[in-house]
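Peer 1:
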Amino acid sequence: MSGAAVRRRQRHPAIVLLERFLPVLVISFALVAWELLAILNVAQKFVNPVFFPGSLKVAASAWEMALTGELAQHLGASLSRVVFGFSIAAVIGVPLGTVAGRNRWISGLLDPIISVLRPIPPIALLPIMVVWLGIGDTSKIIFIAYAAFFQIFLTTYNGVQSVEPLFLRAAQTLGASRWRIFRKVVLPAAMPHIVTGIRLGFSVSFFVIVAAEFIGASAGLGFLIFESRVYFEVDKMMVAAVTIGALGFAFDFTMKRIERRLFRWRL
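Mind the numbering: the sequence shown is residues 167 to 433 in my numbering, read in order.
(1) Are the segment 348–365 and the segment 235–244 touching by the rule of at least three beta carbon pairs closer than 8 Å?
(2) Inspect the beta-carbon positions of Ile310 and Gly386 and report whether they are closer than 8 Å.
(3) Taking just the CA atoms, how far does Ile286 sit from Val190?
(4) Please list, in chain order, all residues of the same chain as Gly259 whose beta carbon is under 6 Å from its beta carbon, the five residues on each side excluded.
(5) Do you know how far the Cα of Ile193 is from the Cα of Gly411?
(6) Taking 8 Å as the threshold (C-beta atoms), are Val361 and Val329 in contact?
(7) Count the other CB atoms, across all protein chains shown, that sit within 10 Å of the CB of Tyr323; report buried if there are 16 or more and exposed otherwise.
(8) Could you tell me the distance, in whole angstroms, from the CA atom of Ser168 to the CA atom of Met357?
(9) If we count the other Cβ atoms within 10 Å of its Cβ and call it buried at 16 or more, is Tyr397 buried or exposed?
(10) Write down the C-beta distance between Ala313 and Ser273 rounded to the nearest angstrom, noting that I regard them as a contact closer than 8 Å.
(11) At which residues does the alpha helix (DSSP H) containing Gly235 begin and terminate?
(12) Pick helix, strand or coil for Met167, following the three-state DSSP scheme.
(13) Label Val400 either buried or exposed according to how many other C-beta atoms from any shown protein chain fall within 10 Å of its C-beta, with 16 as the threshold for buried.
(14) Among the residues of its own chain, which have a CB less than 8 Å from the CB of Val172, if the five just before and after it don't count?
This is the structure in structure tokens:
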């Protein structure tokens, strides 16, 4: 039995239980603190109470929007754009990063392009994409794919580059083919980096969807924020923001669970 496994067995059950429910406790504490701060604001009026609704009022607005179907409409629109854009970034970024990490010629060709494009904030290219592709979903999906691509590509590339050379030489000495070395040595060693890149890429996708939906959208969480701002419906703005945060949290939590199962040897 490994030393890590022994340490896990020796931990007190209360500590294990606390670690399991710690995210729920932290979020619950944040919601209670938010509500108390809103109540204090009503009494002290640090800001206009209309512009700082409490967590209970935001929850009530979310419930009302869920009953009318408004929240599902905006959520579905944003989620579909994020999934399509992120999928494009992952399908291109992972193979390209893997190939570039294994082939110095391809790496040399891509490095100047990546070095020039990566520092450009994606938001700076959004108006150009709208001009080229129109105000429909296509421009938003491509915008999301562009923003998420660099995170996925670079982490995959670095993961492949960081494979221990000793392992590669050992596999070559044993007569393994290039494909077998890639499948049995390079890919497993780089996989933790790839998973991290996917997590970061998905987070970036939700980060930029708000900006993408500010322009020419009729539905989506970003559109909901923009429209609610016009009518000073801060509770609806917060519903959209909290929904985006909850989706990002759920995806990240799921990926962490998958990562723990796939990479038990790292624990």
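Every residue, glycine too, gets a C-beta built ideally from N, C-alpha and C.
Peer 2: Concretely, from the data shown:
(1) No contact exists between the segment 348–365 and the segment 235–244.
(2) Position 144 of the sequence shown, counting from 1, holds the residue named residue 310. Position 220 of the sequence shown, counting from 1, holds the residue named residue 386. Inclusion of Ile310 and Gly386 in the CB contact set at 8 Å is not warranted, their separation being larger than that value.
(3) As a working mapping, residue 190 is identified with position 24 in the sequence shown. As a working mapping, residue 286 is identified with position 120 in the sequence shown. The straight-line gap from Cα to Cα measures roughly 37 Å.
(4) Counted from its first residue, the sequence shown places residue 259 at position 93. So the qualifying residues of the chain are Phe315, Ile318 and Phe319.
(5) Looking up residue 411 in the sequence shown gives position 245. Looking up residue 193 in the sequence shown gives position 27. Here the C-alpha atom of Gly411 lies approximately 11 Å from the C-alpha atom of Ile193.
(6) Translated into the one-based positions of the sequence shown, residue 329 becomes position 163. Translated into the one-based positions of the sequence shown, residue 361 becomes position 195. With contacts defined by Cβ atoms closer than 8 Å, Val329 and Val361 do not form a contacting pair.
(7) In the sequence shown, the residue the question calls residue 323 occupies position 157. Buried is the call here.
(8) As a first step, residue 168 must be located in the sequence shown, where it is residue number 2. As a first step, residue 357 must be located in the sequence shown, where it is residue number 191. Low confidence applies here, because Ser168 scores a pLDDT of 48, under 50, leaving its location unreliable; read the following figure in that light. A straight line joining the alpha-carbon of Ser168 with that of Met357 spans about 22 Å.
(9) Locating residue 397 in the sequence shown gives position 231, where the first residue counts as 1. With fewer than 16 Cβ atoms within 10 Å of its Cβ, Tyr397 is classed as exposed.
(10) Walking along the sequence shown from the start, residue 313 turns up at place 147. Walking along the sequence shown from the start, residue 273 turns up at place 107. Actually they do not touch by this definition, with Cβ atoms about 22 Å apart.
(11) The count along the sequence shown starts at 1 and reaches residue 235 at position 69. From DSSP, Gly235 is part of no alpha helix (DSSP H); its letter is neither H nor E.
(12) If you number the sequence shown from 1, residue 167 lands on position 1. Its pLDDT being 46, under 50, Met167 is placed unreliably by the model, and the measurement read from it follows with that caveat. Correct three-state label for Met167: coil.
(13) Here residue 400 refers to the residue found at position 234 when the sequence shown is read from its first residue. Per the 10 Å Cβ criterion, buried.
(14) Position 6 of the sequence shown holds residue 172. Its pLDDT being 48, under 50, Val172 is placed unreliably in this model, and the value from its coordinates should be taken loosely. Excluding sequence neighbours, Val172 sits near nothing in its chain.
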